[in-house]
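Input: a single structure, listed below in C-alpha cells.
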Amino acid sequence: MKITVPVAAALACVLLVPVVGFADTAQVLPRGVYNIDATYYHYNDIDERYDPDGEPEDIAVNYNTNLNSSVFGDLGTLEAAFAATPFAFPASGATLGNSEVDFNFVYRWWEFAFSYGITDNLSIGVLIPYNYSKNEVKAKVNNENANVIKNPCFNSASAECAAFAGATSIPNTTALLPRSIESTLGVFGITGDFRLTTEDVQGLLGSGLDLDSNGTVDITGFGYKRVETWSDSGVGDIEVLAKYKFYDKDDWRFAATGGVRLPTGEVADPDSLVALPMGDGQTDIIVRLFADYNGIKNLFLNTTLRYDIQLPDSEEKRVPQDINLPLTDRKETVDRDLGDIFEAEVFGDYSITKEISVGAKYVYTAKMRDKVDGSGNAMYSSLEEETDLTSHMYIITLGYSTIQKYLDKKFPVPFTASLAYRNRFAGTNNTTKSEYVSANISVFFN
Numbered sequence: 007m008k009i010t011v012p013v014a015a016a017l018a019c020v021l022l023v024p025v026v027g028f029a030d031t032a033q034v035l036p037r038g039v040y041n042i043d044a045t046y047y048h049y050n051d052i053d054e055r056y057d058p059d060g061e062p063e064d065i066a067v068n069y070n071t072n073l074n075s076s077v078f079g080d081l082g083t084l085e086a087a088f089a090a091t092p093f094a095f096p097a098s099g100a101t102l103g104n105s106e107v108d109f110n111f112v113y114r115w116w117e118f119a120f121s122y123g124i125t126d127n128l129s130i131g132v133l134i135p136y137n138y139s140k141n142e143v144k145a146k147v148n149n150e151n152a153n154v155i156k157n158p159c160f161n162s163a164s165a166e167c168a169a170f171a172g173a174t175s176i177p178n179t180t181a182l183l184p185r186s187i188e189s190t191l192g193v194f195g196i197t198g199d200f201r202l203t204t205e206d207v208q209g210l211l212g213s214g215l216d217l218d219s220n221g222t223v224d225i226t227g228f229g230y231k232r233v234e235t236w237s238d239s240g241v242g243d244i245e246v247l248a249k250y251k252f253y254d255k256d257d258w259r260f261a262a263t264g265g266v267r268l269p270t271g272e273v274a275d276p277d278s279l280v281a282l283p284m285g286d287g288q289t290d291i292i293v294r295l296f297a298d299y300n301g302i303k304n305l306f307l308n309t310t311l312r313y314d315i316q317l318p319d320s321e322e323k324r325v326p327q328d329i330n331l332p333l334t335d336r337k338e339t340v341d342r343d344l345g346d347i348f349e350a351e352v353f354g355d356y357s358i359t360k361e362i363s364v365g366a367k368y369v370y371t372a373k374m375r376d377k378v379d380g381s382g383n384a385m386y387s388s389l390e391e392e393t394d395l396t397s398h399m400y401i402i403t404l405g406y407s408t409i410q411k412y413l414d415k416k417f418p419v420p421f422t423a424s425l426a427y428r429n430r431f432a433g434t435n436n437t438t439k440s441e442y443v444s445a446n447i448s449v450f451f452n
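Quick note: to get the working numbering, add 6 to the position in the sequence shown (first position is 1).
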C-alpha cells in the first residue's frame, strides 16, 4: 500500500487524533487520502427498556395483560348479551385469561464507512450500516382464570346441542359463551375443556378463528402475523456526509459536518408485533459540530454536538386507542413528523504510547416528541405518546495505531484498531437498557 511523501506528511497530523473515534473529532482526512472503516457491534441480549419515569421494565410489558374487553372488544358485546341471564359475567368482566409474553432482542450490527480527503480541510464520506436483528419470542396464554369458552355447539345439529339450545334459548350461531355455562352443557352430555388456547388466541390476533373447522373464519382477527421468534438482516439507513475543518491552531481544532441520512432501511412492519425495523423510513438532515483540544501532553479532549432534523413523511401504521394497548385492527397511512434528535458527548483519550491509547466518553441524547396525524378520527395521539425520549451512555475504549510505525517505515500499512464497551445506564420512554462490545478497524491509503 503506497502513500506519497506529501500525503504521508499530511497523514502525520492524524497522530494528533485519538485512535478511537476518528470520525467523531474535528480532524478531516488529508487531501488525497482514502479511509475504509469497519465496526462490529455485539450487543448483549436486550430484554429491558426504560419507562417514562426512567425505571427499567420488561421490554414486552405491553403484551403481558388480561385478555379482556379492552384487548378484544367483542368481549364487551358478549358481556352485554349475558348480563341479564343466570350466566352473567362477574363485575371484572369477560376474559380469555392472561397473556404471558417474553421478548429478547439479539443485535449483531456492522457499520462500513468510506471517506476521502478532497482538501486538507474538507473530506466526504458515506456510512453504510448492515444489521442482523432477532427477536426471540416466548408467547402463551394462561387460561387458568378464563371465564369465556368456545361454544362446542357452534353450527352443530347434534341432538345434544339441539336440546341445549332449546333449554337455554342460546342459538348454535353464538360463537363464545360464559364458562359458567359448562355445568349446563354437562347436563346434556357435552363435556370437555372449551377454554380458548394459545393457538386460538394466535388465530384471533391473525386471520381469525375457525370454530367448527370448516375453513371459514367465524370470529374476525386483527390481521397480525403470528407472534413467534423473528429474525432478519439487511442494510440500514445510509448516511452521506461532508466534514469541513474551519479552525486549526493554538491547540484547538474545530470542524462541522453536514449530510443526509437516507431511508434505505426496511421500516417497521405494521402487521407484525415482533419485527424490528432496520430504518426509520424518512430522510434526515444531519448536522455535527466538533471541538478538539490538544494542549495537554498525551491527552486529547473532544466535545461533539449532533442535531438530526427528521423530515416529515407518510407511513402505514396501526393506530391503537392507547399506547399501552397496542393491539388494533385499524391500519392506515398517517402523516408523521418524527421528533428531531439532539446529542452531546464529551470524550477524553490518553496516549500511553504512540501506538496505544485508552479513552472514555459520555453521550447524552434527547429526542423530541413525534407528531402524527391522519385523515380519519383515530386516536393518533397514541402514536405520539412516549416518543420524546432521553438516553445516557458511557463508552470505554482501547485503541492501537500503526500510523507512527508506518511513517517511520517500520510497518507496511497505516491503520488503527480499537475495542470499546458501551453501556446505556439511564433513559426514558422505551429507550432500551442495553450494552455492547464493539471492534473497529480503520485503514488509510491513497
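Glycine residues also receive a C-beta, built at the ideal position from the N, C-alpha and C atoms.
Pairwise C-alpha distance: residue j and residue i
{"i": "alanine 119", "j": "threonine 434", "result": "30 angstroms"}
{"i": "tryptophan 116", "j": "proline 283", "result": "15 angstroms"}
{"i": "threonine 438", "j": "glutamate 63", "result": "10 angstroms"}
{"i": "glycine 99", "j": "aspartate 216", "result": "24 angstroms"}
{"i": "arginine 324", "j": "aspartate 335", "result": "7 angstroms"}
{"i": "proline 318", "j": "alanine 384", "result": "19 angstroms"}
{"i": "arginine 114", "j": "aspartate 59", "result": "29 angstroms"}
{"i": "arginine 259", "j": "isoleucine 52", "result": "38 angstroms"}
{"i": "proline 12", "j": "glycine 345", "result": "Residue placement at proline 12 is flagged as unreliable, the pLDDT there being 47, under the threshold of 50; the coordinate-derived value follows with that caveat. In a straight line, the C-alpha of proline 12 is about 45 angstroms away from that of glycine 345."}
{"i": "glycine 209", "j": "tyrosine 368", "result": "47 angstroms"}
{"i": "isoleucine 402", "j": "glycine 221", "result": "58 angstroms"}
{"i": "tyrosine 69", "j": "phenylalanine 109", "result": "10 angstroms"}
{"i": "phenylalanine 78", "j": "aspartate 298", "result": "57 angstroms"}
{"i": "arginine 232", "j": "glutamine 33", "result": "49 angstroms"}
{"i": "proline 92", "j": "aspartate 218", "result": "26 angstroms"}
{"i": "alanine 94", "j": "isoleucine 187", "result": "10 angstroms"}
{"i": "aspartate 277", "j": "glycine 242", "result": "20 angstroms"}
{"i": "glycine 240", "j": "histidine 48", "result": "16 angstroms"}
{"i": "glutamate 321", "j": "glycine 287", "result": "8 angstroms"}
{"i": "leucine 404", "j": "isoleucine 225", "result": "59 angstroms"}
{"i": "serine 407", "j": "methionine 399", "result": "25 angstroms"}
Identified DSSP bridge partners for residue i
{"i": "isoleucine 65", "result": "Note: isoleucine 65 sits in no beta bridge, so no partner."}
{"i": "alanine 262", "result": "Tyr250 and Leu295"}
{"i": "glycine 365", "result": "Asp355 and Thr403"}
{"i": "serine 121", "result": "Asn41 and Gly131"}
{"i": "lysine 411", "result": "Its beta-bridge partners do not exist; DSSP assigns none."}
{"i": "aspartate 343", "result": "Lys377"}
{"i": "alanine 445", "result": "Tyr46 and Leu425"}
Collapsed DSSP secondary structure at residue i in the structure displayed
{"i": "glutamine 33", "result": "coil"}
{"i": "aspartate 80", "result": "helix"}
{"i": "tyrosine 230", "result": "coil"}
{"i": "lysine 377", "result": "strand"}
{"i": "valine 275", "result": "Correcting the residue identity first, residue 275 is aspartate in this sequence and not valine. In the structure shown, aspartate 275 sits in coil (DSSP, three-state: anything other than H, G, I, E or B)."}
{"i": "alanine 281", "result": "coil"}
{"i": "alanine 372", "result": "strand"}
{"i": "alanine 426", "result": "strand"}
{"i": "aspartate 206", "result": "helix"}
{"i": "serine 186", "result": "helix"}
{"i": "leucine 3", "result": "Here the chain covers residues 7 to 452 and nothing more, so residue 3 does not appear."}
{"i": "threonine 434", "result": "strand"}
{"i": "valine 325", "result": "coil"}
{"i": "glutamate 391", "result": "coil"}
Expected contact under 8 angstroms - CB spacing of residue i and residue j to nearest Å
{"i": "lysine 156", "j": "leucine 202", "result": "6 angstroms"}
{"i": "isoleucine 244", "j": "threonine 270", "result": "5 angstroms"}
{"i": "glycine 265", "j": "valine 246", "result": "5 angstroms"}
{"i": "arginine 37", "j": "isoleucine 124", "result": "7 angstroms"}
{"i": "leucine 191", "j": "phenylalanine 170", "result": "6 angstroms"}
{"i": "valine 147", "j": "serine 105", "result": "6 angstroms"}
CB contact check: residue i to chain C, cutoff 7 angstroms
{"i": "valine 378", "result": "Included in the structure is just one protein chain, with no chain C present."}
heavy atom of the ligand ATP below 6 angstroms from residue i C-beta
{"i": "aspartate 254", "result": "Inclusion of the ligand ATP in the displayed structure is not the case, the ligand content being empty and no account of it being possible."}
Fill in: At least 3 beta-carbon pairs within less than 8 angstroms: the segment 350–361 vs the segment 326–340
no
Practice prompt. Check whether the segment 399–418 touches the segment 41–50, counting contact only when three or more Cβ pairs, one atom from each stretch, lie closer than 8 angstroms.
Written response: no
Discussion item. Three Cβ pairs or more, each shorter than 8 angstroms: is that satisfied between the segment 376–394 and the segment 440–451?
Written reply: no
Worksheet entry | the segment 188–196 in contact with the segment 158–168 per 3-pair CB rule at 8 angstroms | yes
Practice prompt. Take every Cβ of the segment 304–312, pair it with every Cβ of the segment 325–334, and state whether three or more of those distances are shorter than 8 angstroms.
Written response: no
Practice prompt. Check whether the segment 169–181 touches the segment 128–143, counting contact only when three or more Cβ pairs, one atom from each stretch, lie closer than 8 angstroms.
Written response: no
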